[in-house]
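In the working numbering, the protein residues as written are -4 to 177. Just so you know, even glycine gets a beta-carbon here, dropped at the ideal spot from N, CA and C. So the structure is just underneath, and the comments pick up after that.
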Amino acid sequence: MTNRRRTAMLAAAAALLLLLNAHARAQAGGGDGETLTTKAGVLGIHRVGDESDFKWELRLGRKAVLETEGSSFVHFEAFFPNLSEGEVAIVSFNSGGNGCPAQFRVVRVVSAERVDVSEEFGDCSDSPDITLKQLPEAELQIRFPGFYQLWQEREPGFRRPPPTTWVYRKGVLRELKPARRK
């Protein structure tokens, strides 16, 4: 066997191993997004289909707990593993654009059989401040700065939108309404 033939066979074998590894990872449902380890198993973000499909799944182990589409990027923004009501993750769904860069969901892992996912929320800002308050009882506060596009500043009479705050407590997500001005 010549060196050229041996090199070609080794390259073909390496390519075959890479293909088999990629197929095995796809069958196992892993590897293409972020993961968090919870007491109930691995919570993972997985792209479904091609990159241009903009489809994603959030899975606990192999079980899909959320299917979504339209986001260029999905990632874990924060994780709170020791709350009394379960393990809680804040997940951002980013459009990749600047019209409305991001929306968010709260994901609560109670057990391997129960995962609660909130509706999307936010003010389009992709940079919230997330705070865990533990007294008098545990709650998450997600504060958005008040999103607007820079071109809007040039409009006559423009006023910055007020910040918005969402509170997640005892499995319930709600928006705090600002006090009315007198």
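With 16 as the cutoff for other CB atoms within 10 Å, does residue i come out buried or exposed?
i      : result
Ser120 : buried
Gly91  : exposed
Trp146 : exposed
Arg154 : exposed
Glu135 : The identity of residue 135 in the sequence shown is Leu, whereas the question assumes Glu. So Leu135 counts as buried.
Leu171 : exposed
Val101 : buried
Glu82  : buried
Thr126 : exposed
Ala97  : buried
Val167 : exposed
Arg57  : exposed
Just reading off the beta strand (DSSP E) that residue i is part of, what are its end residues?
i      : result
Ser79  : Premise fails: Ser79 is in no beta strand (DSSP E) and is neither H nor E.
Val162 : Thr159 to Arg164
Arg103 : Ala97 to Val104
Ala107 : Where Ala107 is concerned, there is no enclosing beta strand (DSSP E), given that its DSSP letter is neither H nor E.
Ala59  : Lys58 to Glu64
Gly94  : Premise fails: Gly94 is in no beta strand (DSSP E) and is neither H nor E.
Glu114 : Element bounds for Glu114: n/a, residue is neither H nor E.
Glu52  : Lys50 to Leu55
Glu170 : Val167 to Leu171
Gly39  : Gly36 to Val43
Assuming residue i and residue j are in contact, meaning their beta carbons sit under 8 Å apart, how far apart are those beta carbons, in whole angstroms?
i      : j      : result
Leu38  : Glu52  : Their Cβ separation, rounded to whole angstroms, is 11 Å, which puts Leu38 and Glu52 out of contact at 8 Å.
Glu108 : Lys165 : Between Lys165 and Glu108 the Cβ distance is about 20 Å, and since that is not below 8 Å, they are no contact.
Gly36  : Leu55  : 5 Å
Pro156 : Ile137 : Rounded, the Cβ-Cβ distance is 16 Å, inconsistent with contact.
Phe74  : Ala59  : Going by Cβ atoms, the distance from Phe74 to Ala59 rounds to 19 Å, so no, they are not a contact pair.
Pro76  : Thr30  : Contact doesn't hold; Cβ gap of about 13 Å is too wide.
Determine, for residue i, whether the minimum Cβ-Cβ distance to residues of chain C falls below 8 Å.
i      : result
Pro156 : Of the chains in the structure shown, none is chain C; there is only one protein chain.
Take every Cβ of the region 85 to 102, pair it with every Cβ of the region 60 to 76, and state whether three or more of those distances are shorter than 8 Å.
-> yes
Please go through the region 119 to 157 and give each complete beta strand (DSSP E) segment of 3 or more residues, from N-terminal end onward.
-> 124 to 128 and 134 to 139
Counting Cβ pairs closer than 8 Å, one from the region 160 to 168 and one from the region 111 to 125, do we hit at least three?
-> yes
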